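Heads up, the thing below is written out as structure tokens.
2 protein chains.
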Amino acid sequence: MKYANRLENMKASEIREILKLTQLPDIISFAGGMPAPELFPIEEMKKITVKVLEESGQKALQYSTTEGFLPLREKIADRMKKFGINAKGEDILITSGSQQGLDFAGKVFLNPKNIVICESPSYLGAISAFKSYECEFLEVATDDDGMIMEDLEKKLEAHPEVRLIYVIPDFQNPTGKTWSLKRRKKLIELANKYDLPIIEDNPYGELRYDGEILPSLKALDTEERVVFLGSFSKIFCPGLRLGWVYASKEILEKFVLAKQPADAHTSTMAQMEVNAFMENYDLDHHVEKLKEVYKNRRDLMLNTIKETFPKEINYTHPEGGLFIWVELPKGIDAKELMKKSLEKKVAFVPGGSFFPNGGNENTFRLNYSNMTDEKIVEGIRRLGEVLNIEISK
Amino acid sequence: MKYANRLENMKASEIREILKLTQLPDIISFAGGMPAPELFPIEEMKKITVKVLEESGQKALQYSTTEGFLPLREKIADRMKKFGINAKGEDILITSGSQQGLDFAGKVFLNPKNIVICESPSYLGAISAFKSYECEFLEVATDDDGMIMEDLEKKLEAHPEVRLIYVIPDFQNPTGKTWSLKRRKKLIELANKYDLPIIEDNPYGELRYDGEILPSLKALDTEERVVFLGSFSKIFCPGLRLGWVYASKEILEKFVLAKQPADAHTSTMAQMEVNAFMENYDLDHHVEKLKEVYKNRRDLMLNTIKETFPKEINYTHPEGGLFIWVELPKGIDAKELMKKSLEKKVAFVPGGSFFPNGGNENTFRLNYSNMTDEKIVEGIRRLGEVLNIEISK
Chain A
3 MKYANRLENM KASEIREILK LTQLPDIISF AGGMPAPELF PIEEMKKITV KVLEESGQKA
63 LQYSTTEGFL PLREKIADRM KKFGINAKGE DILITSGSQQ GLDFAGKVFL NPKNIVICES
123 PSYLGAISAF KSYECEFLEV ATDDDGMIME DLEKKLEAHP EVRLIYVIPD FQNPTGKTWS
183 LKRRKKLIEL ANKYDLPIIE DNPYGELRYD GEILPSLKAL DTEERVVFLG SFSKIFCPGL
243 RLGWVYASKE ILEKFVLAKQ PADAHTSTMA QMEVNAFMEN YDLDHHVEKL KEVYKNRRDL
303 MLNTIKETFP KEINYTHPEG GLFIWVELPK GIDAKELMKK SLEKKVAFVP GGSFFPNGGN
363 ENTFRLNYSN MTDEKIVEGI RRLGEVLNIE ISK
Chain B
3 MKYANRLENM KASEIREILK LTQLPDIISF AGGMPAPELF PIEEMKKITV KVLEESGQKA
63 LQYSTTEGFL PLREKIADRM KKFGINAKGE DILITSGSQQ GLDFAGKVFL NPKNIVICES
123 PSYLGAISAF KSYECEFLEV ATDDDGMIME DLEKKLEAHP EVRLIYVIPD FQNPTGKTWS
183 LKRRKKLIEL ANKYDLPIIE DNPYGELRYD GEILPSLKAL DTEERVVFLG SFSKIFCPGL
243 RLGWVYASKE ILEKFVLAKQ PADAHTSTMA QMEVNAFMEN YDLDHHVEKL KEVYKNRRDL
303 MLNTIKETFP KEINYTHPEG GLFIWVELPK GIDAKELMKK SLEKKVAFVP GGSFFPNGGN
363 ENTFRLNYSN MTDEKIVEGI RRLGEVLNIE ISK
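Taken in sequence, the protein lines are chains A and B.
Just so you know, the numbering used here puts the end of the first sequence at 395, numbered straight through with nothing missing.
Just so you know, the numbering used here puts the end of the second sequence at 395, numbered straight through with nothing missing.
So, in structure tokens, the structure goes:
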């Protein structure tokens, strides 16, 4: 059987295989990026689904438009004010999770051999989505203030084949880092200079535990180059697969063209459910509850790391989001470490997969949103033991 | 802004623009392909969603695997026995509507300039999906027994760039035609000879009003070349966006690779809802109810056409599905006709868009599943009046 060339670029995700292992019942898993299921608003969802079916069942179960359910799009537009964005409902496209927005970004902007600029490391789901369009990657170094602009500009100047800049400025996956305002402004300036679109991936932006929300890139966008990707997965629940794209009319039209043949539209029922939830309950209040729990879990994980990890190990101190990023001394391979840690029933994601061009095997990602306080302390202690043995070798 | 080359191949669907017109409240629309919303099992859905949320809310609202919810996949495998197929749950991939299966068929099999063989005319959603992979089309003539095999073989022989055969053997969209067993067997023979994969699109197969179900192409497949696409949109409801792919292990693995970066997975909640519906209610019984109503609507539309359309007009007599296909005398443009029919508040889809290489403007498609008996009679009468004036010119 002959397959398309693009398949040569598409491999089964390494994380996926690891996540399968971590689903064994007694594993303490810091591997996935899953929200805490005990915080899902299940009682509210029961009331809401019945209400939607009673009041508009025939509509909720029928085909609907590719763009999405307008009342939901209007509520999303309103919600993005948090990020300094003034949008209208009609400027929003509903997607089947923000993963679909990433796929469409590739579909709309990338030809084979084009180059995508991304943070080093970057989100695996975005890397896979772009790879399926047979592109290449240039990774730009980051520090605690986000992407290093001198490195970015050097790369933009040297590589005219760059066609897209992909970044996660708030609580980045996998590092948890947040960009400073100065870097955000500079990125917009450089995108203008080099005439490039920016994909701003923002699934975690509302989950800030310290400090103030900074303006999104989209809020700073002076030439309508920024495509903002949002998601209900982390602030509500991921199982419904609801995300959105906000962009200029011209760009959004292309994303709508990408969605039509991809899946016609996102579940009408799911859209009407989330819309009804936002009408009948307080999503802000729900997010406050999440933040309280996740902030506590982050603190607990950071404190336990401080107590138990060897001093040679560096790790990030995220102001929000779901992840801590760990750097081991060079020469220690996190994949090998994972084998030892799995013997102690603790899982994480080795960091190599987050670097599209490879290397950096001495890194790994920890998630703190999905495990209880007790498991966080116990799991990090066990991991600390493994690391102490490894480092002292 | 620079966009990907593929966008040059992707245009806003003409039907979509027409469908917007037809949503005005007093239009009698035979344009869409929508099921009857009054038959959606709304009461059952209310009970089911509450049950799913009560029993497994944390699971239903969480991330899940790309392949889909295994109990649902097992029920689908079982259900396909109707089409002579012996599948296992693990050989099924759940998709976000069968439209997504069509998109993945392009993603898995097509490079730019490759040729797709399809029926002439063919399903617009498939044409759009394949076009987004920058392919070309060869249309094969059909008669009342399906694709004409002599025409197909001639084209296969002349065009080694053919990479995919796409067909809808049961109650085709847009013609309503059903392939004979002989043609099905011959297609498999030719696909084997020319070493080609076949996409068998089967959203309507269960909606047969006369005669017996014929074996699907997948049931006749001797070399694992057939990819079967199924859907809950017509037998349950389309608003949840649930379809599936059944193929050999090798091919299915590629489809899973296509789905991972596209949308991670289909709504966990929707999958568990349909699974619970099939566990707690009788989907066969539901389909019997649909068939009773749709058979009656088909008969009513055919009878009213017979009474009111001019004799020069040909149309199909589908044994199932949702559509009747109308051929006008050459020289009459169905797009122009549509304007006149819209003045009388009646809508249909002009047929030109169903031919990927254009032409055939003297055709149109009628849907009979979405309008009440009264509207079918009234709408077809009005359309008959318009046609009589047009023909007598």
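Every residue gets a Cβ at the ideal spot worked out from N, C-alpha and C, and that includes glycine.
It should be emphasised that the depicted structure is a prediction, and the values quoted were computed from it without experimental measurement.
Check your understanding: Does A:S66 come within less than 8 angstroms of chain B when only Cβ atoms are used?
Key -> Sequence index remark: in the first sequence, residue 66 of chain A carries index 64 (1-based). Answer yes: the Cβ-Cβ gap between A:S66 and chain B drops below 8 angstroms somewhere.
**Study point:** the segment 258-268 of chain A in contact with the segment 97-104 of chain A per 3-pair CB rule at 8 angstroms
**Key:** They touch, by the three-pair rule.
Exercise for review: For B:E275, count neighbouring C-beta atoms within 10 Å of its own C-beta (all shown protein chains included) and say buried if the count is 16 or more, exposed if not.
Suggested key: Here residue 275 of chain B refers to the residue found at position 273 of the second sequence. Flag for B:E275 reads buried.
**Study point:** With 16 other Cβ atoms within 10 Å as the buried cut-off, status of A:G360
**Key:** One-based indexing of the first sequence puts residue 360 of chain A at position 358. Exposed is the call here.
**Study point:** Residues of its chain near B:P217, where Cβ-Cβ distance is below 6 angstroms and the 5 sequence neighbours each way are ignored
**Key:** For the purposes of this step, residue 217 of chain B is taken as residue 215 along the second sequence, with counting starting at 1. G86.
Practice item. Note down, one range per segment and in chain order, each beta strand (DSSP E) of at least 3 residues found wholly within the segment 131-206 of chain A. Key: Counting only runs of 3 or more, we get 138-145, 164-169, 200-203.
Practice item. Classify B:P352 as helix, strand or coil using the three-state DSSP reduction. Key: Walking along the second sequence from the start, residue 352 of chain B turns up at place 350. B:P352: strand per DSSP, three-state reduction.
Check your understanding: In or out: B:D93 buried (at least 16 other Cβ within 10 Å) or exposed?
Key -> The sequence position of residue 93 of chain B within the second sequence is 91, counting from 1. When all chains shown are included, B:D93 counts as buried.
Point to revise | Short CB-CB distance (under 8 angstroms) between B:G241 and chain A | key: The residue labelled residue 241 of chain B in the question sits at position 239 within the second sequence. By this cut-off, B:G241 is an interface position.
**Study point:** Run of the beta strand (DSSP E) containing A:N369, from where it starts to where it stops
**Key:** If you number the first sequence from 1, residue 369 of chain A lands on position 367. In the DSSP assignment, A:N369 falls within the unbroken beta strand (DSSP E) covering 365-369.
Review point. What is the C-beta distance between B:F311 and B:G386, in whole angstroms, given that I count them as a contact (C-beta under 8 angstroms)?
Key: Residue 311 of chain B sits at position 309 when you count from the first residue of the second sequence. Residue 386 of chain B sits at position 384 when you count from the first residue of the second sequence. Contact holds; Cβ gap of about 5 angstroms.
Practice item. Would you identify the three-state DSSP class for A:G108, choosing helix, strand or coil? Key: In the first sequence, the residue the question calls residue 108 of chain A occupies position 106. Helix, per DSSP.
Point to revise | Test: A:I253 CB closer than 8 angstroms to a CB of chain B | key: Residue numbering aside, residue 253 of chain A sits at position 251 when the first sequence is read from its first letter. Closer than 8 angstroms to some Cβ of chain B, the Cβ of A:I253 qualifies, so yes.
Check your understanding: In three-state terms, what does DSSP make of A:R210?
Key -> Taking the first residue of the first sequence as 1, we reach residue 210 of chain A at position 208. Correct three-state label for A:R210: strand.
Check your understanding: By how many angstroms is the C-alpha of B:T24 removed from the C-alpha of B:A131?
Key -> Walking along the second sequence from the start, residue 131 of chain B turns up at place 129. Walking along the second sequence from the start, residue 24 of chain B turns up at place 22. In this structure, the straight-line span from the alpha carbon of B:A131 to that of B:T24 is close to 24 angstroms.
**Study point:** Selected residue, minimal CA-CA separation from A:L26, among A:T374, A:V348, A:E363
**Key:** Counting from one through the first sequence, the residue named residue 26 of chain A turns up at place 24. When C-alpha distances from A:L26 are compared across A:T374, A:V348, A:E363, the shortest belongs to A:V348.
Exercise for review: Identify the contact partners of A:Y125 in chain B, using a Cβ-Cβ distance below 8 angstroms as the criterion.
Suggested key: As a first step, residue 125 of chain A is located in the first sequence; it is residue number 123 there, counting from the start. Those within 8 angstroms of A:Y125 in chain B number zero; the least Cβ separation is about 11 angstroms.
Review point. At which residues does the beta strand (DSSP E) containing B:Y248 begin and terminate?
Key: Working through the second sequence from its first residue, we reach residue 248 of chain B at position 246. For B:Y248, the enclosing beta strand (DSSP E) covers residues 245-248.
**Study point:** Chain-ordered residues of the segment 164-177 of chain A with a beta carbon less than 8 angstroms from chain B
**Key:** For the segment 164-177 of chain A, which is checked against every Cβ of chain B, the residues closer than 8 angstroms are R165.
Exercise for review: Just grab the DSSP bridge partners of A:V120 for me.
Suggested key: In the first sequence, the residue the question calls residue 120 of chain A occupies position 118. The question names Val, but residue 120 of chain A is Cys in the sequence shown. For A:C120, which the question treats as bridged, DSSP gives the partners A:E141, A:Y168.
Review point. Are the C-beta of B:S269 and some C-beta of chain A separated by less than 8 angstroms?
Key: Looking up residue 269 of chain B in the second sequence gives position 267. True, the Cβ-Cβ gap to chain A drops below 8 angstroms.
Check your understanding: Is B:V110 close to chain A, meaning its C-beta is less than 8 angstroms from at least one C-beta of that chain?
Key -> Numbered from its first residue, the second sequence carries residue 110 of chain B at position 108. Cβ-Cβ to chain A under 8 angstroms: yes for B:V110.
Exercise for review: Look at A:Y196 and A:A89 and say whether their C-beta atoms are less than 8 angstroms apart.
Suggested key: Start at 1 with the first residue of the first sequence, and residue 196 of chain A comes out as number 194. Start at 1 with the first residue of the first sequence, and residue 89 of chain A comes out as number 87. No, the pair does not count as a contact, with Cβ atoms beyond the cut-off.
**Study point:** Under the three-state DSSP convention, the category B:E339 falls into
**Key:** In the second sequence, the residue the question calls residue 339 of chain B occupies position 337. Sequence check: residue 339 of chain B is Leu here, not Glu. Helix.
Check your understanding: Going by beta carbon distance, what residues of the same chain come within less than 8 angstroms of A:L209, once the five residues before and after it are set aside?
Key -> Here residue 209 of chain A refers to the residue found at position 207 of the first sequence. If we look at A:L209 and ignore the five residues flanking it on each side, its Cβ neighbours are F173, K236, I237, V289, L292, K293, Y296, G322, G323, L324.
**Study point:** CA-to-CA distance, A:P331 to A:L389, given in whole angstroms
**Key:** On the first sequence, position 387 is the one that residue 389 of chain A refers to. On the first sequence, position 329 is the one that residue 331 of chain A refers to. Between A:L389 and A:P331, the C-alpha separation is close to 11 angstroms.
Check your understanding: By how many angstroms is the C-alpha of B:Q60 removed from the C-alpha of B:V118?
Key -> On the second sequence, residue 118 of chain B is found 116 positions in, with the first residue counted as 1. On the second sequence, residue 60 of chain B is found 58 positions in, with the first residue counted as 1. Approximately 43 angstroms between the Cα atoms of the pair.
Point to revise | Pairwise C-alpha distance: B:L285 and B:I253 | key: Position 251 of the second sequence holds residue 253 of chain B. Position 283 of the second sequence holds residue 285 of chain B. Those two C-alpha atoms are separated by around 29 angstroms.
Review point. Do we get a CB-CB distance below 8 angstroms when we pair B:Y206 with the residues of chain A?
Key: Stepping through the second sequence from its first residue, residue 206 of chain B is reached at position 204. No, no contact with chain A.
Check your understanding: If you drop the 5 nearest sequence neighbours on each side, which residues of the same chain put their C-beta closer than 7 angstroms to that of A:N316?
Key -> Here residue 316 of chain A refers to the residue found at position 314 of the first sequence. If we look at A:N316 and ignore the five residues flanking it on each side, its Cβ neighbours are E329.
Check your understanding: Under a three-way DSSP split, which group does A:G59 fall into?
Key -> Position 57 of the first sequence, counting from 1, holds the residue named residue 59 of chain A. A:G59: helix per DSSP, three-state reduction.
Check your understanding: What is the residue span of the alpha helix (DSSP H) that A:G381 lies within?
Key -> Sequence index remark: in the first sequence, residue 381 of chain A carries index 379 (1-based). It spans 375-393 - the alpha helix (DSSP H) in which A:G381 sits, taken as one unbroken run.
Review point. What three-state label does DSSP hand A:L95 in the structure shown?
Key: Locating residue 95 of chain A in the first sequence gives position 93, where the first residue counts as 1. It is a strand residue.
Exercise for review: Anything in chain B within Cβ reach of A:K256, meaning under 8 angstroms, just list it in chain order.
Suggested key: Looking up residue 256 of chain A in the first sequence gives position 254. Around A:K256, the beta-carbon contacts reaching into chain B at under 8 angstroms are Y5, L9.
**Study point:** Under 9 angstroms from the C-beta of B:L222: neighbouring residues of chain A
**Key:** Taking the second sequence and counting its residues from 1, the one referred to as residue 222 of chain B is at position 220. Contact of B:L222 with chain A by beta-carbon distance below 9 angstroms is absent, the smallest such distance being about 18 angstroms.
Check your understanding: Can you tell me whether B:K395 is buried or exposed, with buried defined as 16 or more other CB within 10 angstroms of its CB?
Key -> Along the second sequence, one-based indexing puts residue 395 of chain B at 393. It counts as exposed.
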